[in-house]
Each structure stands twice: as structure tokens, then as C-alpha cells.
Amino acid sequence: MQSETRIQQDTHLQSRTEALLRADPVRMACLRAARALDLPDWALGAGFVRNLIWDHLHQKTASTPLNDLDLIYLDRSDPDGLAEADHEACLTARLPDQRWEVRNQARMHLRQQVPPFVSSLEALSHWVEIPTCIGVRLLADDTFEWLAPYGFGHNWSLRVSANPRCRQDNQVFVQRILTKRWQQIWPDLEVVWS
Numbered sequence: 344m345q346s347e348t349r350i351q352q353d354t355h356l357q358s359r360t361e362a363l364l365r366a367d368p369v370r371m372a373c374l375r376a377a378r379a380l381d382l383p384d385w386a387l388g389a390g391f392v393r394n395l396i397w398d399h400l401h402q403k404t405a406s407t408p409l410n411d412l413d414l415i416y417l418d419r420s421d422p423d424g425l426a427e428a429d430h431e432a433c434l435t436a437r438l439p440d441q442r443w444e445v446r447n448q449a450r451m452h453l454r455q456q457v458p459p460f461v462s463s464l465e466a467l468s469h470w471v472e473i474p475t476c477i478g479v480r481l482l483a484d485d486t487f488e489w490l491a492p493y494g495f496g497h498n499w500s501l502r503v504s505a506n507p508r509c510r511q512d513n514q515v516f517v518q519r520i521l522t523k524r525w526q527q528i529w530p531d532l533e534v535v536w537s
């Protein structure tokens, strides 16, 4: 019964997140631009979704500017990520006001010191903070497909904790929290330091 309730809550939070996305013309334009590249197993992740929810929960009337747009994909035919710069250039030409960071997850396992990732979902499940581990893609029929290995609850709870699957030193988590100034931007965030 408890897992059924959790699934219902997550479905409700997913619907709320989708409504926020649809109401944000900039993010929808970004999703359409990313979709046009037709990259394998792609998603816009991290702050693209996380910040949207946190802004909403802090009742911000304007979106917090994104430092960059994290577009991930998984293309085993380019394990060195040689095409990443070309993809960024295409996206910048289409939406020049955005700063794109395009990364092929076929090489990102090296940073985590784990076996190669089999999907973008698996790759983002290793990112530093749990609320950052979320991504979305816009399908051809304009529906959303989610990469949310930890669900939606972490983002909507305003709790930030380190991801136990991330193999990087805990200092990386601490440094990111401090340098990104998340608690100054979103003062209701609760950071779980250990």
C-alpha cells in the first residue's frame, strides 16, 4: 500500500512538473531545438528541470537564469565526444540566447570510474546530487518522456542530498552547493550535508 501511495504521489508530481514545463515558452523552445538534433537517447537535465520546480516552490515570478543547458545523449559510435561541439553550435545558432553544454554519455563513465553506461538514464543516475538526477525529452507527438531514476519527490521536497551512486568525493557535493549558491537563490532548500 505504501509503494502504491508513493507511485500515485510521483505521478501527481510528474503531472505538476509537466504543467510547469508547458507553461514555460523558453524551456519548450529548448526542448524543440534539442529534439530537432535527433540525437540517440537524449534528454535535457539537471537545472533545466530542477530549477523550474524550485522556482515554482519559491513563488518566483521570473525564472532563475540557467548557467547552461545540459543536453545529454548516448552515442557509442562517438566515444570521444568529437561531435559535441558541432551539436552545441547547431543549438546556439537556433537559440543564441542559451548556453548549451552537450555531452555524450558514452564517455562520462570514466569520470565516475564505473563500467560504460548503457543508457542516458543510467548516466544521469550517477550525477552528484539526487535532485539533479532528472531529465526530459520531448517526443515527436509533443509528449514528455522522463528520465527520473529517483522520481520527482526529491525536487518537490526542496531537500538536497548527495547521490550515493556518485563515486566522486563528498567534497565535490559540498563545493557544488557552496559555489552554486543554491541556498541564497532558493532559501527554503534544506541541504543534507552527510
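Under our numbering, read the sequence shown as residues 344 to 537, first letter to last. For each residue, glycine too, the CB sits at the ideal point set by N, CA and C.
Sequence-distant residues of the same chain with beta carbon closer than 7 Å to residue i, five excluded per side
i: ARG450; result: PRO422, ASP423 and GLY424
i: GLN526; result: LEU532 and VAL534
i: ASP384; result: TYR416, LEU417, SER462 and SER463
i: GLN456; result: ARG510
i: LEU438; result: ALA372, CYS373 and ALA376
Inter-residue Cα distance where the pair is residue i and residue j
i: LEU464; j: PRO492; result: 7 Å
i: ASP381; j: VAL503; result: 32 Å
i: ARG446; j: SER420; result: 14 Å
i: HIS469; j: ASN513; result: 13 Å
i: GLU361; j: LEU395; result: 10 Å
i: GLY494; j: GLU488; result: 13 Å
i: THR486; j: HIS430; result: 23 Å
i: CYS433; j: ASP440; result: 13 Å
i: LEU521; j: LEU501; result: 16 Å
i: ALA366; j: PHE460; result: 33 Å
i: ALA426; j: ASP484; result: 27 Å
Beta-carbon separation (whole angstroms), residue i vs residue j, contact threshold 8 Å
i: GLN448; j: ALA466; result: 4 Å
i: GLY496; j: GLN351; result: Contact doesn't hold; Cβ gap of about 12 Å is too wide.
i: ALA386; j: LEU453; result: Actually they are not in contact, since the Cβ atoms of ALA386 and LEU453 sit about 20 Å apart, beyond 8 Å.
Residue i, buried or exposed, once every other Cβ within 10 Å from all chains shown has been counted against 16
i: SER406; result: exposed
i: GLU347; result: exposed
i: HIS355; result: exposed
i: LEU482; result: exposed
i: ARG393; result: buried
i: LEU364; result: buried
Nearest residue (CA-CA) to residue i, options the options
i: ARG480; options: ARG375, VAL445, PRO458 and HIS469; result: ARG375
i: TRP499; options: PRO439, ASN513, THR435 and TRP529; result: TRP529
i: ALA372; options: ARG349, GLY496 and PHE391; result: PHE391
i: TRP397; options: HIS430, THR475, PHE487 and LEU482; result: THR475
i: ALA389; options: ALA436, ARG365, THR404 and ILE477; result: ILE477
i: LYS523; options: LEU501, ARG359, ARG365 and LEU409; result: LEU409
i: ARG370; options: LEU521, LEU414 and LEU501; result: LEU414
i: LEU400; options: LEU434, ARG349 and ARG359; result: ARG359
i: THR435; options: LEU501, ALA379 and GLN357; result: ALA379
i: ILE473; options: PHE460, ALA426, ASP484 and TRP536; result: TRP536
Check: residue i C-beta below 8 Å from any heavy atom of the ligand MN
i: LEU482; result: Within the structure as shown, the ligand MN is missing, as the structure has no ligands at all.
Own chain partners of residue i with C-beta closer than 6 Å, once the 5 adjacent residues on each side are dropped
i: ASP411; result: ARG442 and GLU444
Own chain, CB closer than 8 Å to residue i, minus 5 neighbours either side, in chain order
i: TYR471; result: Residue 471 is actually Val in this sequence, not Tyr. The residues are ALA505, ASN506, CYS509, GLN511, VAL515, PHE516 and ARG519.
i: PRO458; result: HIS452
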